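Read the structure below first, then the notes.
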RNA sequence: CGGGGAUUGGCGCAGUUGGCUAGCGCGCCGCGUUUGGGACGCGGAGGUCGGAGGUUCGAGUCCUCUAUCCCCGACCA
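Laid out in structure tokens, this is it:
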């Protein structure tokens, strides 16, 4: 990406209508644009981060054997009535509208019910099971109060996966595999060390659901964390009995703020019974389908990571999700620029995502923007580079510079 | 939904007790000098003060209503 072609410009002043660190940084660096409270657009850089997160999640979900689909955001009233969840007094975050003919519709805040209805049609036999699907979808939730930048929006991107099983045993098996896959995702994204499986309220179906909570001061949740066991309990279910049940010791627990980046639910056969989704087993008996669902807040993750990884100069993206691996800039005359152009092509040719600052501005601004945008590697081509073949490279997380030749440069960047 | 704060060029802000052509910084445009950590000089463009109504000779400034944004709380399948 050539910065001269990018619609985004970094800004020095902090947006007055944002308090949250993630929003301030993401807006200043040109990753997102605020449309209204709780609704943000993803600009080119922000979209790359979103896509990078999605790709990691996609790979891990695929590894579980799930297949990707994409459902509609428009939902029918009838779909939600069997479970009573169309009712505003039961689910109070609906955005509702209607068709020209007066038919009521809702904007998707979850896809559990529509997915179940789809399964009713597509899944008939035990031979069709187990099966799991997932999607990256925009969810709409009419929050009374959205806040904290992209961490709690009225519109956000979520990965939701649904698994259909033939029995509780089969469900539990998948559930624990998915849990491992989730840990792997957060590891790969760069927040594995700060993200913990957390026991939370399970709703009407089971005693607990499992959340994945990332420790951060800006989090909305309070959890009690046992670091040695890498387990936590959400404050909402925290009591002596629960501690005993999980054999957690009060003295070893830390009370910390955290942001929920994932949540997995075990619905058992309840949903299948409620919505009349059955399959025929080996014996020819009609059995309710077992459902479990698995969410990851994709856009919230971007916010949580921005909150966690930054310094006084700006963002500091973990390498796997950074919008580019390299921030390339030239300092010097036309000949230097030509050398930088060449290097840009070489790097791009190796599949490296590069932000090439080809703007006609002073070096200081480029350095400042490289830092603010939080790109992992900064490569400088200077007047000498074209003659001696050395390029300067610096990591965003360090202050020391290295001068290396192309081969060494590639070694550093490609590993 | 309860409480608190805010709304003035693209962004961040200042505008004393109501008073003349509404200012400043950043950004933007032009010319020149600069070029390894957000340069500098000169010259420009751009706002009718969130919206509606009112008080007044006169309203960015006072009153009423309203919209939006931020924060705290409540809420969060």
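Residue numbers (my numbering): 1 to 415.
Don't be surprised by glycine CBs; every beta carbon is placed ideally from N, CA and C.
Computed from a predicted structure; not experimentally measured.
Per-residue burial, residue i [other beta carbons within 10 Å of its own, 16 or more giving buried]
i: residue 321; result: buried
i: residue 387; result: exposed
i: residue 159; result: buried
i: residue 16; result: exposed
i: residue 154; result: buried
i: residue 380; result: buried
i: residue 291; result: buried
i: residue 161; result: buried
i: residue 364; result: exposed
i: residue 234; result: buried
i: residue 397; result: exposed
i: residue 295; result: buried
i: residue 217; result: exposed
i: residue 284; result: exposed
i: residue 70; result: exposed
i: residue 90; result: exposed
i: residue 250; result: exposed
i: residue 65; result: exposed
i: residue 139; result: buried
i: residue 362; result: exposed
i: residue 304; result: buried
i: residue 383; result: exposed
i: residue 125; result: exposed
i: residue 326; result: buried
i: residue 415; result: exposed
For residue i, three-class secondary structure by DSSP
i: residue 126; result: helix
i: residue 423; result: Examination of residue 423 is not possible in this model, given that the chain is present from 1 through 415 alone.
i: residue 69; result: coil
i: residue 269; result: coil
i: residue 4; result: helix
i: residue 194; result: helix
i: residue 310; result: strand
i: residue 385; result: helix
i: residue 429; result: In the structure as shown, the chain begins at 1 and stops at 415. Residue 429 is therefore absent and cannot be evaluated.
i: residue 74; result: strand
i: residue 91; result: coil
i: residue 48; result: helix
i: residue 260; result: strand
i: residue 343; result: helix
i: residue 396; result: coil
i: residue 300; result: helix
i: residue 315; result: strand
i: residue 286; result: strand
i: residue 248; result: coil
i: residue 28; result: helix
i: residue 86; result: coil
i: residue 370; result: helix
i: residue 81; result: coil
i: residue 322; result: coil
Per DSSP, the bridge partner or partners of residue i
i: residue 255; result: 224
i: residue 134; result: 68 and 161
i: residue 104; result: 98
i: residue 233; result: 199 and 224
i: residue 209; result: 200
i: residue 391; result: 404
i: residue 147; result: 152
i: residue 113; result: The partner list for residue 113 (beta bridge, DSSP) is empty, contrary to what the question assumes.
i: residue 140; result: 155
i: residue 215; result: 258
Span of the beta strand (DSSP E), counted from its first residue to its last, around residue i
i: residue 42; result: 39 to 42
i: residue 382; result: 377 to 382
i: residue 357; result: 354 to 357
i: residue 291; result: 290 to 297
i: residue 10; result: Looking at the DSSP string, residue 10 is not in any beta strand (DSSP E), and its letter there is neither H nor E.
i: residue 280; result: 278 to 280
Residue interval of the alpha helix (DSSP H) (run including residue i)
i: residue 33; result: No alpha helix (DSSP H) contains residue 33, which is instead part of the beta strand (DSSP E) from 32 to 36.
i: residue 175; result: 168 to 189
i: residue 326; result: It is not in any alpha helix (DSSP H) - residue 326 instead sits in the beta strand (DSSP E) that spans 326 to 331.
i: residue 244; result: 240 to 245
Cβ-Cβ separation, residue j to residue i (assumed contact under 8 Å), whole Å
i: residue 129; j: residue 165; result: 7 Å
i: residue 333; j: residue 4; result: About 18 Å; that fails the 8 Å criterion.
i: residue 206; j: residue 266; result: 5 Å
i: residue 10; j: residue 369; result: 5 Å
Residue i CB to nearest heavy atom of the ligand COA below 8 Å
i: residue 110; result: As for the ligand COA, it is missing from this structure, which has no ligand bound.
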